[in-house]
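Numbering-wise, the sequence shown is residues 6 to 461 according to my numbering.
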Amino acid sequence: MDVSIALFTSDLRLRDHPVLAGALRAARRVVPLFVVDSRLAAAGFAVPNRAAFLADCLADLDEALRERGGRLVVRRGDAVEETCRVAAETGAGEVHLAGGVSGFALRREERLRAALAADGRGLRVHDAVVTAVPPGAVLPTGRDHYAVFTPYFRRWSAEAPRPVIAAPRTVPVPPEVRSEPLPRAASLARGEPSPALPEGGERAGRRRLGAWLRTGVTGYADRHDDLPGDATSRLSPYLHFGCLSPVELVTRARRTAGAGAEAFVRQLAWRDFHHQLLAARPDAARHDYRTRHDHWREDAGELAAWREGRTGYPVVDAAMRQLAHEGWMHNRARLLSASFLTKTLYLDWRAGARHFLDLLVDGDVANNQLNWQWVAGTGSDTRPNRVLNPLAQAKRFDPTGEYVRRWVPELAELPGPAVHHPWRLRATERSRYAYPEPIVDLDDALARFRAARGID
Ligand code: FAD
Numbered sequence: 006m007d008v009s010i011a012l013f014t015s016d017l018r019l020r021d022h023p024v025l026a027g028a029l030r031a032a033r034r035v036v037p038l039f040v041v042d043s044r045l046a047a048a049g050f051a052v053p054n055r056a057a058f059l060a061d062c063l064a065d066l067d068e069a070l071r072e073r074g075g076r077l078v079v080r081r082g083d084a085v086e087e088t089c090r091v092a093a094e095t096g097a098g099e100v101h102l103a104g105g106v107s108g109f110a111l112r113r114e115e116r117l118r119a120a121l122a123a124d125g126r127g128l129r130v131h132d133a134v135v136t137a138v139p140p141g142a143v144l145p146t147g148r149d150h151y152a153v154f155t156p157y158f159r160r161w162s163a164e165a166p167r168p169v170i171a172a173p174r175t176v177p178v179p180p181e182v183r184s185e186p187l188p189r190a191a192s193l194a195r196g197e198p199s200p201a202l203p204e205g206g207e208r209a210g211r212r213r214l215g216a217w218l219r220t221g222v223t224g225y226a227d228r229h230d231d232l233p234g235d236a237t238s239r240l241s242p243y244l245h246f247g248c249l250s251p252v253e254l255v256t257r258a259r260r261t262a263g264a265g266a267e268a269f270v271r272q273l274a275w276r277d278f279h280h281q282l283l284a285a286r287p288d289a290a291r292h293d294y295r296t297r298h299d300h301w302r303e304d305a306g307e308l309a310a311w312r313e314g315r316t317g318y319p320v321v322d323a324a325m326r327q328l329a330h331e332g333w334m335h336n337r338a339r340l341l342s343a344s345f346l347t348k349t350l351y352l353d354w355r356a357g358a359r360h361f362l363d364l365l366v367d368g369d370v371a372n373n374q375l376n377w378q379w380v381a382g383t384g385s386d387t388r389p390n391r392v393l394n395p396l397a398q399a400k401r402f403d404p405t406g407e408y409v410r411r412w413v414p415e416l417a418e419l420p421g422p423a424v425h426h427p428w429r430l431r432a433t434e435r436s437r438y439a440y441p442e443p444i445v446d447l448d449d450a451l452a453r454f455r456a457a458r459g460i461d
């Protein structure tokens, strides 16, 4: 075959890339194609933070391809129509693509297969690109997916990952193929990105990965929940955009023996777990995975206070402000702020998930929607009615109050753990701090939740 197409989607890298390797094996020349898909923008997924990161990723990918004699070909429009157009222009015989799990990715794959077949061309879908273990590769007897993490993890751990693939030395691209200029963030989404976003791209991801495996991972088992310590990998945006390969991460982390590396691999399995769940139940992106017959409250004022980080619960507000500033939030902060919305305020998980998706640079349908459902108790948690008390969480995971002082400057003068409960200060003292009163009483909220869920 003279030409094939490697269609890049959530896999913006050259190392350990079965799609590009497959396309290079199949043909003499390859079109590395990225389509800025107008449908994603229409569906509300083009948000400034991920747009900024994506623009970095595409620039980095283009540079890496140019170092290998190629370049990235960019088109705009409907991914299926544009890919078919490029195939017709270049006479490509095959398109290579990573298997996805979201409803969007699955529909794209189906439409692309049909459209290419109508033109006498083939579609090759590659597994273990977006996840380490492909959805459906490990299954419980008689069911189409695992609904509970622990048994999934046992089976997942027994799977041998495929070998890691080296980056290609050269990528010969047909010279005549037309490309639009690399997109800038502002052309991908409207609005200002958060001020402290990480830099996107495979190179930035590999720098972070290298440092993480050299030093960070060792203490991960003990410190991953430490809010001020910030001792997690922060690799999630690079995994989301595919700048890093999950297969490579699992392989390298397993070689880095120790409790930290083991705990880290377990988190990577959570990522795969949610992907296999969404692949089997695409409706879980919007609907309860397991209904608890909730009649969620609606309260625009409380929802706005939560979003803006002025609930009067400092640790929740710190979490929400970190999200706004960095486009990222610590996992413990995600857990406690999501529990506050769904169980303390008893507001619909979908409203919280939407806000996270609007801001998270790692925001993705599988991990976001299903983690939200896990916290709300409508997902795969085996203890669906557990409520995280924000004060208890604050004292346990931010015992000195440093995390709160970092993100809630109005309270920065309050020493030690006193910063977690400003409402206990005398009224005269409290008035010195321009900080809101709690929007809800925790005991009342707990009673309301228990009544709603029919718990005695
Ligand atoms: P580390 O602790 O270093 O973990 C390593 C990797 O494991 C992460 O990068 C991530 O890919 C994966 N991982 C860790 N925890 C989880 C988890 N609970 N579920 C799935 N994968 C996990 N993660 C996203 O990638 N995108 C999201 O949109 C997202 N939304 C979330 C929403 C809520 C309400 C909650 C509770 C969690 C969400 N998570 C999401 C999971 C988790 O919080 C982030 O993956 C993690 O905080 C990213 O930071 P890190 O890279 O430092 O993680």
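Note that beta-carbon positions come from the ideal geometry of N, C-alpha and C, so glycine has one too.
Output needed for residue 84: all residues of its chain with C-beta closer than 7 Å, excluding positions within five of it in sequence on either side, in chain order.
Taken in chain order, the residues that qualify are 40, 42, 113.
Kindly indicate which three-state DSSP category residue 99 falls into: helix, strand or coil?
DSSP places residue 99 in strand when its eight states are reduced to three.
Helix, strand or coil at residue 4 according to DSSP, with G and I counted as helix:
Here the chain covers residues 6 to 461 and nothing more, so residue 4 does not appear.
Using alpha carbons as the reference points, say which of 106, 74, 53, 200 lies closest to residue 331.
The shortest Cα separation from residue 331 among 106, 74, 53, 200 belongs to 200.
Using a Cβ-based criterion (distance less than 7 Å to any ligand heavy atom), does residue 296 qualify as near the ligand FAD?
Not so, every heavy atom of the ligand FAD lies at least 7 Å from the Cβ.
With a threshold of 6 Å on Cβ separation, who are the neighbours of residue 415 within its own chain once the five nearest residues in sequence on each side are excluded?
Cβ neighbours of residue 415 beyond the five flanking positions: 438, 439, 440.
With a cut-off of 8 Å, do at least 3 Cβ pairs link the segment 441-461 to the segment 307-317?
Enough Cβ pairs lie closer than 8 Å, so yes.
Where residue 72 falls, given that 16 or more other Cβ within 10 Å makes a residue buried:
By the 10 Å Cβ count, residue 72 comes out exposed.
Since residue 97 and residue 8 should fall inside the 8 Å C-beta cutoff, what is the C-beta to C-beta distance between them, to a whole number of angstroms?
Confirmed, about 4 Å.
Can you check which of these residues, 397, 140, 117, is closest to residue 287 by C-alpha distance?
Per the C-alpha coordinates, the member of 397, 140, 117 positioned closest to residue 287 is 140.
Quick check on DSSP: helix, strand or coil for residue 132?
In the three-state scheme derived from DSSP, where H, G and I count as helix and E and B as strand, residue 132 is classed as coil.
Return the residue from the list 379, 327, 369, 260 that minimises the CA-CA distance to residue 233.
Nearest Cα to residue 233 within the set 379, 327, 369, 260: 327.
What residue does the alpha helix (DSSP H) around residue 20 start on, and which one ends it?
Note, residue 20: premise wrong, no alpha helix (DSSP H); not H, not E.
Complete runs of the alpha helix (DSSP H) confined to the segment 316-355 [at least 4 residues]:
The alpha helix (DSSP H) runs lying completely inside the segment 316-355 and spanning 4 residues or more are 319-331, 336-344, given in chain order.
May I have the straight-line CA-CA distance separating residue 38 from residue 278, to the nearest angstrom?
Between residue 38 and residue 278, the C-alpha separation is close to 29 Å.
Rounded to whole angstroms, what's the CA-CA distance from residue 146 to residue 123? Just pull it up for me.
Within the model, the alpha-carbon separation for residue 146 versus residue 123 is close to 38 Å.
Compute the Euclidean distance between the alpha carbons of residue 81 and residue 88, then round it to the nearest angstrom.
Distance between the alpha carbons of residue 81 and residue 88: 10 Å.
Enumerate in chain order the residues of its own chain whose CB-to-CB distance from residue 451 is below 7 Å, with the five nearest sequence positions on each side excluded.
Same-chain partners within the cutoff: 392.
Give the range of the alpha helix (DSSP H) segment to which residue 380 is assigned.
Residue 380 -> alpha helix (DSSP H) spans 375-381.
Closer than 8 Å is the cut-off here; do at least three beta carbon pairs connect the segment 388-406 with the segment 338-349?
The answer is yes - the segment 338-349 touches the segment 388-406, with three or more Cβ pairs under 8 Å.
Between the Cα of residue 231 and the Cα atoms of 404, 213, 211, 208, which residue gives the shortest distance?
Selected option, being the one with the closest Cα: 404.
Residue from 362, 289, 95, 134 whose Cα sits closest to the Cα of residue 255:
Among 362, 289, 95, 134, the Cα nearest to that of residue 255 is on 134.
According to DSSP, which residues form a beta bridge with residue 37?
For residue 37, which the question treats as bridged, DSSP gives the partners 11.
Residue 207: buried (16+ other C-beta within 10 angstroms of its C-beta) or exposed?
Its Cβ being crowded by 16 or more others within 10 Å, residue 207 is buried.
Just to confirm, is the Cβ distance from residue 377 to residue 343 under 8 Å?
Yes, Cβ-Cβ distance for residue 377 and residue 343 is below 8 Å.
Any chance the CB of residue 238 is under 7 Å from a heavy atom of the ligand FAD?
Yes, the ligand FAD has a heavy atom inside 7 Å of this Cβ.
Provide the residue(s) that pair with residue 79 in DSSP beta bridges, ordered along the chain.
Bridge pairing for residue 79: 39 [DSSP].
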